[in-house]
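Let me begin by presenting the structure, written as structure tokens, before commenting on it.
Residue numbers (this note's numbering): 10 to 250.
Here is the structure:
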């Protein structure tokens with residue numbers, strides 16, 4: 010099967026999954042007594058450093074208290090160079106305890122090239138002391154296993170000022186040289202943002218983000234003459250509805 014045929018097949022599977030999950034969540038939501046929607050952009054703005062970029066991290070869902078269909082997308086567009094990262098996820102989510110959802114679905118990476126598709130399994134919820142945790146395991150179309158952990162905490166300074174530290178780390182079970190990913194611990198990202206909630210649904214933010222690659226992923230980056238560490242200032246908007 011050619012890459013072109015594989016891409017069309019993946020899109021067909023993705024569309025079928027979305028339709029099936031939508032039917033499941035809407036019927037389940039109706040049985041629960043209501044269907045609701047939610048859309049949020051955690052990051053929608055610029056990172057200013059050695060390479061200026063526009064970054065986004067958005068998600069949304071439709072469903073009820075126990076069953077939801079999630080859509081997530083995140084990425085980075087470097088000024089003057091185009092998209093460096095772009096991914097989308099479609100997930101079925103099931104409430105399994107008061108604070109935790111079990112999630113499964115599909116992820117598709119449009120960038121970096123070559124494009125990759127993944128099966129997704131994970132947990133999303135609140136850990137003790139109100140840390141929001143998003144832990145995912147991925148299996149791509151090459152059979153490689155990887156994982157991602159995201160953690161976020163919100164500290165209310167005033168009724169409108171919110172300080173938010175976040176962490177993201179990625180690991181891989183195999184090497185994908187075409188995409189610059191080595192096996193083991195790949196990278197770590199730490200950020201700190203301060204937002205002002207003009208209204209609860211809309212808040213401009215400023216912040217700083219630090220990223221570093223490790224292990225074999227760092228070796229692959231060095232071989233391509235790329236920096237393995239960078240710091241950038243952040244400015245943008247956070248909104249939901």
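Backbone N, C-alpha and C fix where the C-beta goes; we use that ideal spot for every residue, glycine too.
Just so we're clear, the structure is a prediction, and the values are computed from it rather than from any experiment.
Inset, instruction - Let me know the secondary structure DSSP gives residue 72 once reduced to three states. - result: By 1-based counting over the chain shown, the position of residue 72 is 63. In the structure shown, residue 72 sits in a strand (DSSP, three-state: E or B).
Inset, instruction - From the DSSP output, read off the bridge partner residues of residue 205. - result: Against the chain shown, residue 205 aligns to sequence position 196. Answer is 170.
Inset, instruction - Evaluate contact between the region 188-202 and the region 222-237, counting only Cβ atoms and requiring at least three cross-stretch pairs below 8 Å. - result: With the cut-off at 8 Å, the region 188-202 and the region 222-237 touch.
Legend entry - Nonlocal neighbours in the same chain, by C-beta distance under 7 Å from residue 60, ignoring five residues either side: Position 51 of the chain shown, counted from the start, is the residue given in the question as residue 60. Counting only Cβ-Cβ distances below 7 Å, and skipping sequence neighbours, we find 87.
Inset, instruction - State yes or no: is the C-beta of residue 132 within less than 8 Å of the C-beta of residue 144? - result: As a first step, residue 132 must be located in the chain shown, where it is residue number 123. As a first step, residue 144 must be located in the chain shown, where it is residue number 135. Between residue 132 and residue 144, the gap from beta carbon to beta carbon is short of 8 Å.
Inset, instruction - Please go through the region 179-249 and give each complete beta strand (DSSP E) segment of 3 or more residues, from N-terminal end onward. - result: Restricted to the region 179-249, the beta strand (DSSP E) segments that are unbroken, complete and at least 3 residues in length are 193-205, 211-222, 238-249, listed in chain order.
Inset, instruction - Determine, using beta carbons only, whether residue 231 and residue 58 come nearer to each other than 8 Å. - result: In the chain shown, counting from the first residue as 1, residue 231 sits at position 222. In the chain shown, counting from the first residue as 1, residue 58 sits at position 49. The answer is no: Cβ separation not under 8 Å.
Inset, instruction - Within its chain, find whatever has a CB closer than 6 Å to the CB of residue 67; leave out the 5 residues flanking it on each side and keep chain order. - result: Along the chain shown, read from residue 1 onward, the residue named residue 67 stands at position 58. For residue 67, same chain residues with a beta-carbon under 6 Å away, outside a window of 5 residues either side, are 50, 82 in chain order.
Legend entry - residue 138, DSSP secondary structure in three states: Counting from 1 along the chain shown, the entry for residue 138 is found at position 129. Secondary structure of residue 138 (DSSP, three-state): helix.
Inset, instruction - Using the DSSP secondary-structure output, state which residues sit across from residue 54 in a beta bridge. - result: Within the chain shown, the letter at position 45 stands for residue 54. Per DSSP, 64, 245.
Inset, instruction - Identify which residue in 152, 73, 63, 62 has its Cα closest to the Cα of residue 46. - result: Taking the first residue of the chain shown as 1, we reach residue 46 at position 37. The shortest C-alpha to C-alpha distance from residue 46 to any of 152, 73, 63, 62 is the one to 73.
Inset, instruction - Have a look at the DSSP bridge pairing and note the partners of residue 84. - result: Numbered from its first residue, the chain shown carries residue 84 at position 75. Answer is 65, 95, bridged to residue 84.
Legend entry - Beta carbon of residue 53 nearer than 8 Å to that of residue 65: Working through the chain shown from its first residue, we reach residue 53 at position 44. Working through the chain shown from its first residue, we reach residue 65 at position 56. It is a contact, given that the beta carbons lie within the stated cut-off.
Legend entry - Nearest-angstrom Cα separation, counted from residue 237 out to residue 1: No answer is possible for residue 1: it lies beyond the span of the chain, which begins at 10 and ends at 250.
Legend entry - Exposure of residue 207, with buried meaning 16 or more beta-carbon neighbours within 10 Å: As a first step, residue 207 is located in the chain shown; it is residue number 198 there, counting from the start. So residue 207 ends up on the exposed side.
Inset, instruction - Could you please give the first and the last residue of the uninterrupted beta strand (DSSP E) stretch that includes residue 155? - result: The residue labelled residue 155 in the question sits at position 146 within the chain shown. Counting along the chain, the beta strand (DSSP E) containing residue 155 begins and ends at 154-161.
Legend entry - Which of helix, strand or coil DSSP assigns to residue 148: Numbered from its first residue, the chain shown carries residue 148 at position 139. Reduced to three states, the DSSP call for residue 148 is strand.
Legend entry - Cβ-based burial, residue 235 [other Cβ within 10 Å; buried from 16]: Counting from 1 along the chain shown, the entry for residue 235 is found at position 226. It is exposed - the Cβ of residue 235 has fewer than 16 other Cβ atoms within 10 Å.
Inset, instruction - Give the secondary structure of residue 14 by DSSP, where H, G and I count as helix, E and B as strand, and everything else as coil. - result: Translated into the one-based positions of the chain shown, residue 14 becomes position 5. Any reading at residue 14 must be qualified, since the residue scores a pLDDT of 49, below 50, and its modelled position is unreliable; the value itself is stated next. Secondary structure at residue 14: helix, using DSSP grouped into helix, strand and coil.
Legend entry - Contact under 8 Å by Cβ, residue 170 with residue 203: Position 161 of the chain shown, counting from 1, holds the residue named residue 170. Position 194 of the chain shown, counting from 1, holds the residue named residue 203. In contact: residue 170 and residue 203 (Cβ atoms closer than 8 Å).
Inset, instruction - Consult DSSP for residue 120 and reduce its assignment to one of helix, strand or coil. - result: In the chain shown, counting from the first residue as 1, residue 120 sits at position 111. Three-state DSSP puts residue 120 in a strand.
Legend entry - Which of helix, strand or coil DSSP assigns to residue 106: Along the chain shown, one-based indexing puts residue 106 at 97. Taken through DSSP and simplified to helix, strand or coil, residue 106 comes out as coil.
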